[in-house]
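Asker: Numbering follows the numbering used here, with no gaps: position 56 of the sequence shown is 56.
Provided herewith is a single structure, encoded as structure tokens, for subsequent inquiry.
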Amino acid sequence: MSMAIYRAQLETIIHATESPEKVKTAVLNLLPPELREKVCWEETPLEGHYGNPITLLKAEFSGEDSRKLMKWLAEKLGQLDKELLEGKLDLHYDRAGILYLRFNKQQVYLGKVELSEGEDVIKARFSISLPKRNLAALRKLLKEEGLI
Numbered sequence: 001m002s003m004a005i006y007r008a009q010l011e012t013i014i015h016a017t018e019s020p021e022k023v024k025t026a027v028l029n030l031l032p033p034e035l036r037e038k039v040c041w042e043e044t045p046l047e048g049h050y051g052n053p054i055t056l057l058k059a060e061f062s063g064e065d066s067r068k069l070m071k072w073l074a075e076k077l078g079q080l081d082k083e084l085l086e087g088k089l090d091l092h093y094d095r096a097g098i099l100y101l102r103f104n105k106q107q108v109y110l111g112k113v114e115l116s117e118g119e120d121v122i123k124a125r126f127s128i129s130l131p132k133r134n135l136a137a138l139r140k141l142l143k144e145e146g147l148i
């Protein structure tokens, strides 16, 4: 069932007050070592709510690399976060087959992978193909991958 995870994307905002290199380091901290060398950054300049310059930073992975990313996050995520994710799985998965996770950007920069409900986050999206896009099938897959 592992090829059910066919694409992954990490995305965050670099605020004008932040060091782009530090934000990239935070994103790299979410990646297994073998994917850090492969990252192809996509940077899109945008304007913030108050006209301030911000940059949308994205990195995408496909195929087996998507699964490697999920496995790595599963190894780094604490048991409490896994339990919280399992309890709110319906809020993290949509009808298009996308699993959404948000990680605390500051904590990830410091090397601690933890989920966050806040605003200053690195967003992860996993595109998942399941026979029936239902929570039972998703729960089974995520248990196999160790994410819950």
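Every residue gets a Cβ at the ideal spot worked out from N, C-alpha and C, and that includes glycine.
Remember, predicted model here, so these are calculated numbers, not experimental data.
Can you give me the C-alpha to C-alpha distance between A74 and L31, rounded to a whole angstrom?
Answerer: Going from the Cα of A74 to the Cα of L31 covers about 11 Å.
Asker: Any chance the segment 47-62 sits against the segment 131-145, with 3 or more Cβ pairs inside 8 Å?
Answerer: Cβ pair count under 8 Å is below three, so no.
Asker: For the alpha helix (DSSP H) containing H92, list its first residue and its last residue.
Answerer: Segment L89 to H92, the alpha helix (DSSP H) holding H92.
Asker: Taking C-alpha atoms, which residue in K58, A8 and S129 lies nearest to G97?
Answerer: Looking at the Cα atoms, S129 is the closest of the given residues.
Asker: Contact check, I14 vs L57 under 8 Å by CB: the rounded distance?
Answerer: I14 to L57, Cβ: 6 Å. Contact.
Asker: Look up R102 in the DSSP assignment and give the residues it is bridged to.
Answerer: Beta-bridge pairing links R102 to K123.
Asker: Going residue by residue through the segment 25-96, where are the continuous alpha helix (DSSP H) segments of at least 4 residues, counting only ones entirely within it?
Answerer: 33-36, 64-76, 79-87 and 89-92, all fully within the segment 25-96.
Asker: Give me, in chain order, the residues of the same chain whose beta-carbon lies closer than 8 Å to that of V121; leave out the 5 immediate sequence neighbours on both sides.
Answerer: Within the same chain, V121 has close Cβ partners T12, R102, F103, N104 and K105.
Asker: Distance check for G63 and R7, CA to CA, integer angstroms please.
Answerer: Spanning the two alpha carbons is a distance of roughly 6 Å.
Asker: Which one of L10, I54 and L91 has the shortest CA to CA distance from A16?
Answerer: Of the listed residues, the one whose Cα sits closest to A16 is I54.
Asker: With a threshold of 7 Å (Cβ to nearest heavy atom), would A4 be considered close to the ligand NAP?
Answerer: For the ligand NAP, the structure offers nothing, since it holds no ligand at all.
Asker: Identify which residue in K88, I5, E60 and L99 has its Cα closest to the Cα of V27.
Answerer: Here the closest residue by C-alpha is E60.
Asker: According to the neighbour-count rule (16 or more other Cβ atoms, all chains shown, within 10 Å of its Cβ), is Y93 buried or exposed?
Answerer: Per the 10 Å Cβ criterion, buried.
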